[in-house]
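Heads up, the thing below is written out as structure tokens.
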Amino acid sequence: MIRFTKVSKHYTRGGPALEDVTFHLRRGEFAFLTGPSGAGKSSILKLVYIDERPSSGEVRVDGKSSVTMTPREIPRLRRRLGVVFQDFRLLEDRTAEQNIAFTLEVTGTPHSAIAPRVARALTQVGLTSKGTALPHELSGGEQQRVAIARALVNDPLVLLADEPTGNLDERATRGIFQLLREINASGTAVLMATHDLDLVRDTGLRALELNKGRLVYDSGAESQEATL
Amino acid sequence: MRLAFREALRAFQRAPVLSALSITTIAFSLFAFGLFGLVALNLRNALQQVEDRVEIRAFVAEGTPPEATSAAVGDVALFPEIASVRLVTEAQALERARRELKEFEDVFDAGILPASIEVRLKPGRRDPETVRDVARRLQLYDFIDDVRFGEEWVENLHRLRNIATGAGLALGATFALVALIIIGSTIRMAVLARSREIVIMRLVGATDGFIRAPFLIEGVMKGTLGGILALVLTWVAAELTGRWVMQVTWFDPELAVLGVLAGALLGLLGSAVAVGRHLRKV
């Protein structure tokens, strides 16, 4: 579903961010992107939601190629992806419900369908009672849950998470990770960037390790080769 | 569209001080433009009044038969540049002189003043060339002794009008440009204050058109409110000038509405440029 083929990304000022990266994330799969800061984890996620385009190579997301995709097609693709960040990126002057509903409103969802879908997303992340709270009234873990609910409300094919536990304590980290596992179990693929190696090691899930822009290890490569 | 309106209103509610400041800034930049407009309008009216006095007088030779002068008046009235033409008989000329120059009332005697054909030109046709040309054509009648139109005065007036028009256009364009820059910067600040929201909107799949709409509505609203405020300010300025300095003409209703519409248009353009630049950057 997400396929990187010999992808490189070079910035005019910052130099190379990715070099010759090739991997394939299948529908419903869970994979970690690991590596030190500056290894290229965020660059990979940005290339998936077409915030940037590769300098060379091709990124295919749900059959759409980064080479041929027009700017008009980008919003349509993003509606099929969910993205969460370390800093949550919630609108501070809106309640949890309004933050989640915002996604549906901007994508033209009929008014009558919004409230039930928001309620369902809040239930999914375990925040039913916090719908009317403003972000600053919530803990870091709860804010991240709202951000995840916002990412989920459009029933995405894949959830992209860029260091989603980076700002959270140990307990909240475990909670968020557990939530991501549950989301994955219900069929949504998850691609999660993290430098929390303990988290990666404990789970035994697929890990793509990056170093200086290169994919140096892919624990899922063998099984993929076997299936190809 | 309803959502775009709601988002635009939300921007007002969320940052009332910033919104009030931008409306005031827009109002004052339009006020400066409006004051200039008021000066230009009154100057034009004053010049118009002076220009209305441009007149050509063709003096009729003594003893000319009345049928000849009447026929000439009929001919002259057909000139395309003529607004009005009338014959002033010797008796009427004397009567007018006595009325206008009371101190010489006793000096004037019948037959001292000649009859004349008085010609006024249409607005826009009072330039020195046209005036000279009409005077030359009047001179062609053999019973016309002399034609006068204050050549130097007409030329000075025309020069003054040209200078006023040129200066008016240059100053008007400058004021409009300054207003556009100020309005653009004000709205750009509003866009930057909401850049986080724009990033999130893009992230969740909003199209650029969708993102732009509330900003454009906000720009039109601010421009309209700023335009109305500027109009009120120019009205107050005109009233105060009228009370303390001199009587001034205020804008007629069409021009006033046009001013507010110009504010709305500047708001729309300022927003379109500001949000367009921002969207290209993020």
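Here the protein sequences come in this chain order: A and B.
When you line the first sequence up against my numbering, it's residues 28 to 255, in that order.
When you line the second sequence up against my numbering, it's residues 3 to 284, in that order.
Glycine is no exception: its CB is placed at the ideal position from the N, C-alpha and C atoms.
Cα-Cα separation between residue i and residue j, rounded to whole angstroms
i, j, result
"A:G84", "A:Y76", "16 Å"
"A:D89", "B:I184", "46 Å"
"A:N238", "B:L20", "46 Å"
"B:A42", "B:L260", "16 Å"
"B:E131", "B:R138", "10 Å"
"A:P43", "B:H280", "26 Å"
"B:G221", "B:L270", "5 Å"
"A:T159", "A:A176", "14 Å"
"B:E340", "B:L96", "Examination of residue 340 of chain B is not possible in this model, given that chain B is present from 3 through 284 alone."
"B:I84", "B:R98", "23 Å"
"A:L255", "A:H51", "Here A:L255 scores only 47 on pLDDT, less than 50, and its place in the model should not be relied on; the value that follows carries that caveat. Spanning the two alpha carbons is a distance of roughly 11 Å."
"A:L195", "B:L263", "52 Å"
"A:A178", "A:A123", "13 Å"
"A:K157", "A:R80", "38 Å"
"B:D254", "A:A142", "51 Å"
"B:K224", "B:L37", "20 Å"
"B:L233", "B:A10", "24 Å"
"B:Q249", "B:V87", "32 Å"
"B:M3", "A:P137", "13 Å"
"B:T226", "B:F212", "22 Å"
Environment of residue i [buried if 16+ CB atoms lie within 10 Å]
i, result
"B:R214", "buried"
"B:N164", "exposed"
"A:Q170", "buried"
"B:L159", "buried"
"B:V114", "Strictly speaking, residue 114 of chain B in this sequence is Ile, with Val absent from that position. By the neighbour-count rule (16 or more Cβ atoms within 10 Å), B:I114 is not buried but exposed."
"A:Y244", "exposed"
"A:E209", "exposed"
"A:S70", "buried"
"B:G272", "buried"
"A:T134", "buried"
"B:R128", "buried"
Residue i, DSSP secondary structure in three states
i, result
"B:R122", "strand"
"B:V19", "helix"
"A:M28", "coil"
"A:D47", "strand"
"A:K239", "coil"
"A:Q115", "The question names Gln, but residue 115 of chain A in the sequence shown is Phe. Correct three-state label for A:F115: coil."
"B:P82", "coil"
"B:L32", "helix"
"A:E79", "coil"
"A:A188", "strand"
"A:V180", "coil"
"A:M96", "coil"
"A:S35", "strand"
"B:E199", "helix"
"A:T159", "coil"
"A:D245", "strand"
"A:A234", "strand"
"A:V86", "strand"
"A:T61", "strand"
"A:A212", "helix"
"B:A117", "coil"
"A:G153", "coil"
"B:G65", "coil"
"A:G67", "coil"
"A:L218", "strand"
Residue i and residue j closer than 8 Å at C-beta
i, j, result
"A:R30", "A:R87", "yes"
"A:E56", "A:R241", "no"
"B:A265", "B:L40", "Residue 265 of chain B is actually Gly in this sequence, not Ala. No; because the gap between Cβ atoms is not below 8 Å, this pair is not in contact."
"A:L108", "A:L187", "yes"
"A:V180", "A:A148", "yes"
"B:A6", "B:P216", "yes"
"B:T188", "B:I58", "no"
"B:A117", "B:L89", "yes"
"B:V75", "B:I119", "yes"
"B:F35", "B:A181", "yes"
"B:G207", "A:P102", "yes"
"A:L74", "A:K68", "no"
"B:I202", "A:R116", "yes"
"A:D189", "A:A220", "yes"
"B:F81", "B:D148", "no"
Beta strand (DSSP E) segment containing residue i, residue limits
i, result
"B:F61", "57 to 62"
"B:R150", "146 to 150"
Start-to-end residues for the alpha helix (DSSP H) that takes in residue i
i, result
"B:A232", "210 to 246"
"B:G278", "255 to 283"
"B:A99", "92 to 102"
"B:A178", "153 to 195"
"A:T130", "123 to 133"
"B:A137", "130 to 141"
Test: residue i CB closer than 8 Å to a CB of chain E
i, result
"B:R279", "Annotation note: the requested chain E is absent from the structure, which comprises protein chains A and B."
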